[in-house]
Every structure is written in structure tokens, then in C-alpha cells.
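Every number in our numbering is 63 more than the matching position in the sequence shown, counting from 1.
Just so you know, even glycine gets a beta-carbon here, dropped at the ideal spot from N, CA and C.
Presented below is the structure to which this report refers.
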Amino acid sequence: MNYLKSDDLDNSFSNLFDREKIDFNYISKNTDDTKKLAEKIAKFLKIGDIIVLNGELGAGKTVFLTGIAKYFNIESQVSSPTFTIVNEYDVLGSCPIYHFDVYRLQDSDEFLEGIGTDYFYNGICIIEWGNIIKEILPKNTIYIDITKDDKNYDLRYFHIWRDI
Numbered sequence: 064m065n066y067l068k069s070d071d072l073d074n075s076f077s078n079l080f081d082r083e084k085i086d087f088n089y090i091s092k093n094t095d096d097t098k099k100l101a102e103k104i105a106k107f108l109k110i111g112d113i114i115v116l117n118g119e120l121g122a123g124k125t126v127f128l129t130g131i132a133k134y135f136n137i138e139s140q141v142s143s144p145t146f147t148i149v150n151e152y153d154v155l156g157s158c159p160i161y162h163f164d165v166y167r168l169q170d171s172d173e174f175l176e177g178i179g180t181d182y183f184y185n186g187i188c189i190i191e192w193g194n195i196i197k198e199i200l201p202k203n204t205i206y207i208d209i210t211k212d213d214k215n216y217d218l219r220y221f222h223i224w225r226d227i
């Protein structure tokens with residue numbers, strides 16, 4: 064399996080959202096690496112982009128979002144909206160960012176009944192545990208699977224993919 068290096072991130076992500084198929088791997092050595100990865104991706108985000116973050120508890124999903132927030136100068140504390148399901152962040156001079164945590168939902172129907180899909184087209188959406196609602200997500204959705212290393216607690220393996 065080939066992994067991107069930090070120096071390659073700008074070139075690899077410059078046309079990330081223009082491609083139909085995406086398949087990247089990245090190793091994060093610590094939370095700073097995770098935030099830097101998120102910042103590199105954030106600079107290419109625009110209205111209608113959706114990123115799904117999958118990984119077990121403590122994998123780094125919210126840390127990743129912190130990197131996106133940093134890029135957009137979001138000063139409020141980023142936290143996972145486990146009970147509220149969505150946090151909205153207004154970004155000056157840009158589109159809003161919607162941060163979802165759908166861990167507590169049973170399925171897509173519950174999401175549609177309680178929230179709906181309008182968010183998908185009105186801002187940038189970052190969805191933790193998004194596989195729960197995968198069947199209602201647009202085809203252009205980018206998935207980021209985060210896996211913790213069994214031996215080194217700081218290491219995280221990122222698989223960034225989309226298969227249209």
C-alpha cells in the first residue's frame with residue numbers, strides 16, 4: 064500500500080474534488096499531523112462538498128475537524144455534536160460548515176425525518192459515522208476511514224477515497 068508523504072499533500076489534493084475516483088493513504092504520526100492533513104484538504108473545500116469520517120471512538124475524527132476549523136479561522140471550540148447531531152459554524156467570507164455526528168441514529172430514515180438533506184447543498188458537510196446514512200449521501204461524497212495503530216497509540220492510518 065502506498066502512503067502519501069506530508070510534502071506530497073498539496074499536489075495530491077489540488078484537484079481532489081475534480082476527480083471521480085479518489086484513493087489515497089496517509090499515515091499521521093500525531094494529532095498535529097492529523098490537523099495538517101485536514102488543513103490541506105480544507106483549502107479545496109466549497110459549498111456542496113461532503114466528507115464522511117469513519118473510525119472507532121478515539122480514532123481522530125474530531126481532531127481532523129479541528130484542522131478544518133483552523134483553516135477556516137473558526138475560533139469556537141470544536142466538539143462532536145453527539146447529542147445535538149449537528150453543529151453549525153459560520154465562516155466569514157465563505158460558506159457555513161456543518162458538522163454532523165450520526166452515531167446515535169439508527170439509519171438514514173431517522174436522519175431524513177429529523178434533519179433532511181438541505182444541509183448537503185448549502186455548505187460544507189463533515190459527517191462523523193457517516194456510513195450509517197451512506198445510502199442518502201450524494202455520489203461525490205469523500206470518505207475518510209481512520210484506523211488506530213495497535214501498537215503505537217499516536218499513529219493513525221487514513222484511507223481517503225471516493226468511488227463514483
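Asked, Found
"Write down the C-beta distance between residue 149 and residue 163 rounded to the nearest angstrom, noting that I regard them as a contact closer than 8 Å.", "5 Å"
"Could you pull the start and end residues of the alpha helix (DSSP H) that residue 221 belongs to?", "Note, residue 221: premise wrong, no alpha helix (DSSP H); beta strand (DSSP E) at 219-225."
"Here's the rule: buried if 16 or more other CB atoms are within 10 angstroms of the residue's CB, otherwise exposed. What is residue 118?", "buried"
"Rank 157, 116, 147 by C-alpha distance to the C-alpha of residue 108 and give the top, closest one.", "157"
"Judging by CA-CA distance, which residue of 211, 113, 84, 217 is the nearest neighbour of residue 131?", "113"
"Let me know the secondary structure DSSP gives residue 110 once reduced to three states.", "coil"
"Within 8 Å, do at least three Cβ pairs link the stretch 160-177 to the stretch 196-203?", "yes"
"So which of 159, 161, 177 has the shortest CA-CA distance to residue 167?", "177"
"Buried or exposed: residue 98, going by 16 or more other Cβ atoms within 10 Å of its Cβ?", "buried"
"What number of angstroms, rounded off, separates the C-alpha of residue 212 from the C-alpha of residue 91?", "10 Å"
"Who are the Cβ neighbours of residue 249 in its own chain at under 8 Å, not counting the five residues just before and after it?", "Residue coverage of the chain in this structure runs from 64 to 227, which leaves residue 249 outside it and unanswerable."
"Any Cβ of chain D within less than 8 Å of the Cβ of residue 85?", "No chain D is part of this structure, which consists of one protein chain only."
"If you count every other CB in all the chains shown that lies within 10 Å of the CB of residue 147, and 16 or more means buried, which is it?", "exposed"
"Mind checking who residue 161 pairs with in its DSSP beta bridge?", "151, 188"
"So what does DSSP say about residue 97, is it helix, strand or coil?", "helix"
"Am I right that residue 209 and residue 123 are in contact with their C-beta atoms under 8 Å? What's the rounded C-beta distance?", "5 Å"
"Buried or exposed for residue 103, going by 16 or more other Cβ atoms inside 10 Å?", "buried"
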